[in-house]
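Quick note, the sequence shown lines up with residues 1178 to 1292 if you use the working numbering.
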Amino acid sequence: INMLTATASKINGEFQEHIRLLMSSYGTFKKAPMKKVERSISKLENDYRQEQFPKSAKLLDLVRCSVTFNTVEQLRAGYDALIHHATTNGGTLELARVKNGLVNTEEHSGYRDIK
1178 INMLTATASK
1188 INGEFQEHIR
1198 LLMSSYGTFK
1208 KAPMKKVERS
1218 ISKLENDYRQ
1228 EQFPKSAKLL
1238 DLVRCSVTFN
1248 TVEQLRAGYD
1258 ALIHHATTNG
1268 GTLELARVKN
1278 GLVNTEEHSG
1288 YRDIK
């Protein structure tokens, strides 16, 4: 975990700037703090305890940010831009997973997100 956190710390600034430049024309970009070592260990011990070695490979959100959209149209345009960038930009950004919290409208009310 310490090595993973150190690597994340090295790329955090570049990641934040890259995503800010990419997404700011679609919504409001906000830098988020890096995931703390204690929280990473907790996730490994609880959420990923049944996973195969290396469990730390499941930790995908050590460097983080958010983009807030005012409309569904803005969200869709921002999402499409992010997917397009990740699939056509020669490896500067690779998506590992998308969690769509907008799909199950029966289970959720109020806040929804895509991670």
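Using N, Cα and C, we set each Cβ at its ideal position, and we do this for glycine too.
Note that this is a predicted model, so its numbers are computed, not measured.
- A distance below 6 Å between beta-carbons, with the five flanking residues on each side excluded, links residue 1254 to the following residues of its chain, in chain order: 1203.
- In the DSSP annotation of this structure, the continuous segment of the alpha helix (DSSP H) that includes residue 1220 starts and ends at 1214 to 1223.
- Out of 1222, 1213, 1219, 1194, the CA that lies nearest to the CA of residue 1207 is found in 1194.
- Beta bridge pairing from DSSP links residue 1243 with 1207.
- In this structure residue 1188 is exposed. Its beta-carbon is surrounded by fewer than 16 other beta-carbon atoms within 10 angstroms.
- The residue from 1237, 1184, 1199, 1231 with its alpha-carbon nearest to that of residue 1269 is 1199.
- With fewer than 16 other Cβ atoms from the protein chains shown falling within 10 Å of its own Cβ, residue 1275 counts as exposed.
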